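Here is the structure we will look at, set down as structure tokens.
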Amino acid sequence: RKEVEQDPGPFNVPEGATVAFNCTYSNSASQSFFWYRQDCRKEPKLLMSVYSSGNEDGRFTAQLNRASQYISLLIRDSKLSDSATYLCALNTGGFKTIFGAGTRLFVKA
Amino acid sequence: NAGVTQTPKFQVLKTGQSMTLQCAQDMNHNSMYWYRQDPGMGLRLIYYSASEGTTDKGEVPNGYNVSRLNKREFSLRLESAAPSQTSVYFCATPPRPEETQYFGPGTRLLVL
Chain R
16 RKEVEQDPGP FNVPEGATVA FNCTYSNSAS QSFFWYRQDC RKEPKLLMSV
66 YSSGNEDGRF TAQLNRASQY ISLLIRDSKL SDSATYLCAL NTGGFKTIFG
116 AGTRLFVKA
Chain Y
116 NAGVTQTPKF QVLKTGQSMT LQCAQDMNHN SMYWYRQDPG MGLRLIYYSA
166 SEGTTDKGEV PNGYNVSRLN KREFSLRLES AAPSQTSVYF CATPPRPEET
216 QYFGPGTRLL VL
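Sequence lines, in order, name chains R and Y.
Each step along the first sequence adds one to the number in this note's numbering, with nothing skipped, and position 2 is 17.
Each step along the second sequence adds one to the number in this note's numbering, with nothing skipped, and position 101 is 216.
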């Protein structure tokens, strides 16, 4: 089993839709969690850190479920500019950060 | 501040050629990382450097060597390039190991 798994998509949604991505992980000792956004032919950039209590930043909400070992990202009122690949990542302690392969999102007009 | 810079942006090599990918950061971070990104595989750690003067293997170190020249610079060397090393290479650095990583713009490498 991969340490981090994401549905590769693509997710094709209309503008204004709500879309959710999940990311499951296998190492229960994982300590910190992140969502990154990666535009085509660009580097990944941090979208949000994911906290145990959940956190929200505008249209974006991230959740952590330690019992079921997954993190989620919810995007409300999707915009064309949200089209990108979304990578989840987690740190298992020390110098090891594991990245998922990413979920591609296309938002259509 | 430039953050994390990488050179070159693009490179085409023939099998067996060598090259060095350069990375520099002006964020004053201790640790630096080299990843490769392939379709469907996500980012895989090649080598990392916890601090100046130290380097350690990651998940896919075979065929690569690294040098942590000073606190700012971390280079990745391919001694004898192979087609399997065709990839996009990213350098990254976090404020602390468990925190978010800041990535350079990447180097696209094609090995023929």
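Positions of the beta carbon are idealized from the N, C-alpha and C atoms, including for glycine.
This structure is a prediction, so every number in the text was calculated from the model and none was measured.
Range covered by the beta strand (DSSP E) that runs through residue i
i, result
"L62 of chain R", "K60 to V65"
"T222 of chain Y", "T222 to V226"
"N185 of chain Y", "Neither: N185 of chain Y is in no beta strand (DSSP E) and is coded neither H nor E."
"V34 of chain R", "V34 to Y40"
"C13 of chain R", "This structure cannot speak to residue 13 of chain R, because chain R is shown only from 16 to 124."
"Q90 of chain Y", "Chain Y is shown from 116 up to 227; residue 90 of chain Y falls before or after that span and cannot be answered."
"V122 of chain R", "T118 to K123"
"V127 of chain Y", "F125 to L128"
"P29 of chain R", "F26 to P29"
"E20 of chain R", "V19 to Q21"
Beta-carbon proximity check, residue i vs residue j, cutoff 8 Å
i, j, result
"T3 of chain R", "R91 of chain R", "No answer is possible for residue 3 of chain R: it lies beyond the span of chain R, which begins at 16 and ends at 124."
"S41 of chain R", "Q84 of chain R", "yes"
"F110 of chain R", "P198 of chain Y", "no"
"F205 of chain Y", "E18 of chain R", "no"
"Q126 of chain Y", "M134 of chain Y", "yes"
"R183 of chain Y", "E167 of chain Y", "yes"
"V65 of chain R", "F49 of chain R", "yes"
"A35 of chain R", "L88 of chain R", "yes"
"C38 of chain R", "C103 of chain R", "yes"
"Q121 of chain Y", "P220 of chain Y", "yes"
Residues that DSSP places opposite residue i in a beta bridge
i, result
"F110 of chain R", "Per DSSP, none; premise fails for F110 of chain R."
"T135 of chain Y", "Y:R192"
"R151 of chain Y", "Y:R159 and Y:Y204"
"A77 of chain R", "R:N70 and R:L88"
"Q216 of chain Y", "None; Q216 of chain Y has no bridge partner."
"D171 of chain Y", "Y:Y163"
"A99 of chain R", "R:L120"
"S47 of chain R", "R:N106"
Selection from the options that minimises the alpha carbon distance to residue i
i, options, result
"L62 of chain R", "Y:R223, Y:L184, Y:F218 and Y:L225", "Y:F218"
"L160 of chain Y", "Y:L227, Y:L225, Y:T208 and Y:V226", "Y:T208"
"T112 of chain R", "Y:A196, Y:L158 and Y:S182", "Y:L158"
"F121 of chain R", "R:V19, R:N27, R:P23 and R:E58", "R:N27"
"A196 of chain Y", "Y:K129, Y:P154 and Y:V119", "Y:K129"
"K60 of chain R", "Y:G221, Y:K172 and Y:Q216", "Y:Q216"
"R52 of chain R", "R:T100, R:N106, R:A124 and R:F36", "R:T100"
"G178 of chain Y", "Y:R187, Y:G131 and Y:A117", "Y:G131"
"Y148 of chain Y", "Y:K186, Y:K124 and Y:P123", "Y:K186"
"S93 of chain R", "R:E30, R:D72 and R:G24", "R:E30"
"G108 of chain R", "R:S45, R:E71 and R:G24", "R:S45"
Rounded Cβ spacing between residue i and residue j (contact assumed at less than 8 Å)
i, j, result
"A116 of chain R", "Q21 of chain R", "6 Å"
"Y162 of chain Y", "T169 of chain Y", "Not quite, the Cβ-Cβ distance comes to about 11 Å (not below 8 Å), so this is no contact."
"P145 of chain Y", "A165 of chain Y", "According to the sequence shown, residue 145 of chain Y is Asn rather than Pro. About 7 Å separates the two Cβ atoms, so the contact holds."
"S60 of chain Y", "L136 of chain Y", "As shown, chain Y starts at 116 and ends at 227. That puts residue 60 of chain Y outside it, with no answer to give."
"V175 of chain Y", "R192 of chain Y", "So it is not a contact: roughly 15 Å between Cβ atoms."
"S43 of chain R", "N106 of chain R", "No, S43 of chain R and N106 of chain R are not in contact; Cβ-Cβ is about 14 Å, not under 8 Å."
"G118 of chain Y", "M156 of chain Y", "G118 of chain Y to M156 of chain Y, Cβ: 25 Å. No contact."
"C138 of chain Y", "E188 of chain Y", "7 Å"
"K124 of chain Y", "T201 of chain Y", "In fact, because the Cβ distance is near 15 Å, the residues do not count as touching under 8 Å."
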